[in-house]
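Be aware that the sequence shown starts at 598, since it is given in my numbering, and climbs by one per residue. Single-structure report; data block below.
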Amino acid sequence: MHKPRIRSVFDRLPSYAPAHPVVSASGESHPLAANESPHGPIADVVATIAEHAGSANRYPDFNGTELVSQLARHCGVAEDRVALGAGSVALIQMLMQAVAEAGAEVMCGWRSFELYPLLAGLAGLRCVQVPLAAETLDLTAMVNRVDDRTRLILVCNPNNPTGTFIDHEQLREFVDSVPENCLLAVDEAYFDYVRRPGARSAMDLVPDRPNVVVLRTFSKAYGLAGLRVGYLVGAPYVVRQLRKARLPYSLSTIAQKAALAALRNSGEILAQAGETVAERTRVQQKLSSAGWVIPWSEANFVWLPLGPASVAFGARCAELGVAVRVFPGEGVRVTIGSPADNDAFLAVTGRMANHVILGESS
Ligand SMILES: *Cc1c(COP(=O)(O)O)cnc(C)c1O
Numbered sequence: 598m599h600k601p602r603i604r605s606v607f608d609r610l611p612s613y614a615p616a617h618p619v620v621s622a623s624g625e626s627h628p629l630a631a632n633e634s635p636h637g638p639i640a641d642v643v644a645t646i647a648e649h650a651g652s653a654n655r656y657p658d659f660n661g662t663e664l665v666s667q668l669a670r671h672c673g674v675a676e677d678r679v680a681l682g683a684g685s686v687a688l689i690q691m692l693m694q695a696v697a698e699a700g701a702e703v704m705c706g707w708r709s710f711e712l713y714p715l716l717a718g719l720a721g722l723r724c725v726q727v728p729l730a731a732e733t734l735d736l737t738a739m740v741n742r743v744d745d746r747t748r749l750i751l752v753c754n755p756n757n758p759t760g761t762f763i764d765h766e767q768l769r770e771f772v773d774s775v776p777e778n779c780l781l782a783v784d785e786a787y788f789d790y791v792r793r794p795g796a797r798s799a800m801d802l803v804p805d806r807p808n809v810v811v812l813r814t815f816s817k818a819y820g821l822a823g824l825r826v827g828y829l830v831g832a833p834y835v836v837r838q839l840r841k842a843r844l845p846y847s848l849s850t851i852a853q854k855a856a857l858a859a860l861r862n863s864g865e866i867l868a869q870a871g872e873t874v875a876e877r878t879r880v881q882q883k884l885s886s887a888g889w890v891i892p893w894s895e896a897n898f899v900w901l902p903l904g905p906a907s908v909a910f911g912a913r914c915a916e917l918g919v920a921v922r923v924f925p926g927e928g929v930r931v932t933i934g935s936p937a938d939n940d941a942f943l944a945v946t947g948r949m950a951n952h953v954i955l956g957e958s959s
């Protein structure tokens, strides 16, 4: 028997393992594995979704005209600098497709967003993964690895899963040392949670640097993970080419209209994200006063670099109804959720800290 012929790279690709809900024996469930917003959509967004349900027999606006226009206003750029995707993951895939030719390589830090190497493999690209230094992207090591095969560099800022943030000056120096013919994508999925004094978006670099693109999403602070809307800001040439790679009609009318409603209400929604930031500070302070040594996170999650103790810690969390993201042998990423969710997580750490820290050093 012969199997249908499928590219051999598929045999080596891991299947993406999405977060599974966990429930404790007492029925508690705290979803802290997927970096979602704990806030459901605000009333205006829900009403907009309901309002457009009746047009589901029609194809959506192919170009997302109104959304592109409002995003351009929101970002203070011209409309020809904005590309849409069904989630920013789709835009990452479009970027990969745009550079995938024989011998081409993609580069990212590691550990970083787990979908980077997966999408690179799917596109037939080799992915060079440059180790982090002190849980932070090592831009010097990355520059040193760039050569003529490097076509796309992904800079996740803040970095998922470590939460660390690269300052603007350092990022600008990095951009200046990357060849202009190599695309550089700054993934700012978590930018709305950044509170570092003086922090600036890489969007400020886009006007002067035609190889830089910035990725944003409605899935995190804007709370629309289930509707799949992401966007990219970059040079008109890059945007024009990327738009060709978007799967036709991949942004539903409901997704487009909900994103527009969220943008109209960005003040209220970003205030909710501010509550998450306040919770992040509370969680980080509690952890550090309990003796945990963790990198300061600028995102809506914290990173516990537990090494070999990660799996056991994740299992203990699951028993108590707290779903977290475990990277075996490396660490555990825990989303900042509602105050009650975060208390449930802190209760686990309160009971585990000494045990885990001892376990790691022995
Ligand atoms: C969550 C996340 C995204 C957003 O994904 P969507 O496809 O927009 O839901 C992008 N990049 C990183 C690093 C993320 O963590």
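We treat Cβ as the ideally placed atom computed from N, Cα and C, and that holds for glycine.
Which residues DSSP lists as bridging residue i, in chain order
i	result
G682	G827
L749	V703 and L780
C914	DSSP, once it has assigned bridges, lists no residue as partnering C914.
G651	DSSP, once it has assigned bridges, lists no residue as partnering G651.
V961	What the structure shows of the chain is the stretch from 598 to 959, and residue 961 is not part of that stretch, so it cannot be assessed.
W889	DSSP lists no partner for W889.
F762	According to DSSP, which records beta bridges pairwise, F762 is partnered with nothing at all.
L901	V929
P728	W707
T733	A730
F814	Checking the sequence, you will find Thr at residue 814 rather than Phe. According to DSSP, T814 bridges with G827.
R723	E702
V919	H627
Residue range of the unbroken beta strand (DSSP E) whose run includes residue i
i	result
D658	Taken as a continuous stretch (DSSP letters only), D658 belongs to no beta strand (DSSP E), as it is neither H nor E.
V643	Looking at the DSSP string, V643 is not in any beta strand (DSSP E); the run it does join, the alpha helix (DSSP H), is A640 to E648.
G928	G928 to T932
R609	Looking at the DSSP string, R609 is not in any beta strand (DSSP E); the run it does join, the alpha helix (DSSP H), is V606 to R609.
R792	That residue, R792, is in no beta strand (DSSP E); it is neither H nor E in DSSP.
R602	Neither: R602 is in no beta strand (DSSP E) and is coded neither H nor E.
Residue i: CB within 7 Å of a non-hydrogen atom of ligand 1
i	result
G700	no
C672	no
T946	no
Residue environment, residue i, which counts as buried when at least 16 other CB atoms sit within 10 Å
i	result
S959	Low local confidence applies: a pLDDT of 33 at S959 is under 50, so the model's placement there is unreliable, with the coordinate-based value given in what follows. Exposed.
M598	exposed
G831	buried
K600	exposed
L550	There is no way to answer for residue 550, as the model of the chain reaches only from 598 to 959.
K817	buried
Y834	exposed
V811	buried
H952	Here H952 scores only 48 on pLDDT, less than 50, and its place in the model should not be relied on; the value that follows carries that caveat. H952 is exposed by the Cβ-count criterion.
I603	exposed
S612	exposed
E876	buried
F910	buried
H617	exposed
Extent of the continuous alpha helix (DSSP H) run through residue i
i	result
P714	L712 to L719
T878	S863 to S886
L668	T662 to C672
P833	P833 to R840
V923	Counting along the chain, V923 falls outside any alpha helix (DSSP H), though it belongs to the beta strand (DSSP E) covering R922 to F924.
V620	First-last for V620: undefined, no H or E at that position.
Residues proximal to ligand 1 by C-beta, any heavy atom closer than 5 Å: Selection output, chain order preserved: G684, S685, V686, F710, C753, N757, D784, A786, T814, S816 and G827.
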